[in-house]
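One structure below.
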Amino acid sequence: MISEAENEFLTRVGPGTPAGDLLRRYWQPVAVTADLSPEKRTKRIRVLGEDLVLYLTDENTYALVAEACAHRRVSLYYGFVEGCEIRCPYHGWKYDRTGQCLEQPFEQENRRARERARIAAYPVQAYRGIVFAYLGPGEPPVLPRWDVLDRRDGHLTLFVEEDLQCNWLQPMENAVDTVHTFWLHGHTMRMKGIDRGSYYYRPIEKYSFEQFEWGIIKRRVYRDNTGELEEETGHPLVFPNILRLPEGPLQAMHWRVPVDDEHTMLIRAGLLPDKPGEERVHDEEPSVVRVPSEMTADGDHAMNTFTSQDRMAWETQGAVYDRTKEMLGAEDKGIAMYRRLLRQQIERVQAGEDPMALIRDPAQAVVTFDVSRGQARVAVAEGRV
Ligand code: FES
Ligand SMILES: [Fe+2]
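Written out as structure tokens, the structure is:
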């Protein structure tokens, strides 16, 4: 349980909020490149409580500016892209990718007044089919080239889910909730007669959490039905809002990006590595799968996939989960560790320092995690490991 003030401190994401300022210090995925094309040049993006428009320039690059025109607040989503600039559809004010107004067709030329007409704009980079944006102050850090995206020895798929109807911290706390997999996934699948949850439907003999330079690694030891113990290679919560894990045959990364306080964008990347000895040529652009709604006609969570089960857990906690009413137990020590880490890193940002897990040296941009499932087997031990 935490106080109401602490809950606000950790969850709110708008401009000027403590957690919002922390999250703004990292490149965040805001769209997939497949969202835009020469036929569809603009996309509305709501992220961290800000209403923005992403547009595709004539040079096939991307720009991200405030949605509302400085003049009379009409949406630039309907704007005209001209070169690398965007023109408001109402009275034709034109902005460059830094948000600076360049033209006001019906105004007398008054340079001072025109220069005051600025809208917010943020740097963006497209990488492996994802558009990343930096909404923070100062010099952006280096865009991390996470192994799942950077590897070329496999086929990459991006999964875009419907926005989650709750605050971002709920899925992130789930990333360090190691024991939920038994009931929420293993048992639910068994009750539904779906043969997909048996990995999780085994006694968890031991679990642990370890802080490391990129976040928190969680580890589990299972007992399988032969009585043997299986120690999972730990998989990390990558600070502040990513989960890196093996997902069946895929090496996966899940981003949970706040749309605003009560909605969260879910983008997953999954790399299917080539089999040993099989060298295939893969498209540079990944496949994109739009995950359809997993709600029943009655508006219930279908509960027949892992994502639907997780979504049920996160959304039913409430739009912004009220942590003044919870009752944490020993099983929640990963959650307590993550909250401490969040507070600590927010305080670093407030003190004018860089938070953890930022890359400043381009030579260090490729980040590889050793994550696999059930890799290390340990001998049967007496009692608990
Ligand atoms: S509202 Fe955009 S130019 Fe007038
Ligand atoms: Fe889960």
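In the numbering used here, the protein residues as written are 64 to 448. No residue lacks a Cβ here, since even glycine has one placed at the ideal position from N, Cα and C. Small disclaimer: the values here were computed from a predicted structure and weren't measured.
Residue i Cβ short of 6 Å to ligand 1 heavy atom set
i	result
Val194	no
Val412	no
Ile128	Inspection of the sequence shows that residue 128 is occupied by Val rather than by Ile. No - ligand 1 has no heavy atom lying nearer than 6 Å to the Cβ of Val128.
Ser137	Residue 137 is actually Val in this sequence, not Ser. Checking every heavy atom of ligand 1 against the Cβ of Val137, one is found closer than 6 Å.
Cys132	yes
Trp246	no
Cys164	no
Tyr140	no
Cys151	yes
His326	no
Trp377	no
His154	yes
Residues that residue i bridges to, as DSSP identifies them
i	result
Gln314	Pro309, Leu334
Asp114	Arg109
Val383	Beta-bridge pairing links Val383 to no other residue.
Pro299	Ile280
Ser350	Thr220
Thr327	Leu227, Pro321
His364	Met358
Pro92	Phe195
Gln274	Ile279
Trp481	Absent from the structure is residue 481, since the part of the chain shown begins at 64 and ends at 448.
Lys396	The partner list for Lys396 (beta bridge, DSSP) is empty, contrary to what the question assumes.
Gln188	Phe195
Beta-carbon proximity of residue i to residue j, cut-off 7 Å
i	j	result
Val284	Ile398	no
Ala332	Leu247	no
Val144	Leu111	no
Val137	Tyr118	no
Lys269	Thr241	no
Arg107	Tyr158	no
Ile422	Pro200	no
Thr494	Leu232	Because the chain spans 64 through 448 in this model, residue 494 falls outside it and cannot be assessed.
Gly278	Leu300	yes
Leu85	Pro418	yes
Gly162	Ala131	no
Arg386	Asn70	yes
Residue i beta carbon near ligand 2 (any heavy atom closer than 6 Å)
i	result
Asp373	yes
Sequence-distant residues of its chain with Cβ nearer than 6 Å to residue i (five each side left out)
i	result
Phe72	Pro81
Val187	Tyr125, Leu127, Val194, Ala196
Arg109	Val322
Glu54	There is no way to answer for residue 54, as the model of the chain reaches only from 64 to 448.
Gly192	Val95, Thr96, Leu221, Glu348, Pro349
Leu219	Leu334, Pro349
Glu113	none
Pro234	Arg319, Trp377
Val430	Pro207, Trp209
Ala68	none
Ala180	Ala133, Cys164
Glu276	none
Met390	none
Glu449	No statement about residue 449 is possible, as the shown extent of the chain runs from 64 to 448 and does not include it.
His345	His218
Neighbourhood of residue i by C-beta, 7 Å cutoff - its chain only, sequence neighbours within 5 removed
i	result
Glu445	At Glu445, the pLDDT of 38 sits below 50, so the modelled position is not reliable and the matter cannot be decided from this model.
Ile257	Asn367
Ala308	Contrary to the premise, residue 308 reads as Leu rather than Ala in this sequence. Excluding residues within five positions, the ones whose Cβ falls inside 7 Å are His298, Ala315, Val434.
Ser271	Arg282
Arg286	Arg265, Pro266, Glu268, Leu292
Ala439	In this prediction, Ala439 has a pLDDT of 41, which is less than 50 and means its spatial position is unreliable; what the coordinates show is noted afterwards. Once the five neighbours on either side are set aside, the close Cβ partners of Ala439 are Glu294, Thr296.
Nonlocal neighbours in the same chain, by C-beta distance under 8 Å from residue i, ignoring five residues either side
i	result
Ala189	Thr96, Thr124, Tyr125, Phe195
Ala129	Glu113, Asp114, Leu115, Val116, Leu139, Gly162, Ile182, Ala183, Ala184
Pro101	Leu119
Chain B within 7 Å of residue i, Cβ atoms only
i	result
Arg87	Absent here is chain B; the protein component of the structure consists of one chain.
Exercise for review: Mind listing, in chain order, the continuous alpha helix (DSSP H) runs of no fewer than 4 residues lying wholly within the stretch 128 to 183?
Suggested key: 174 to 179
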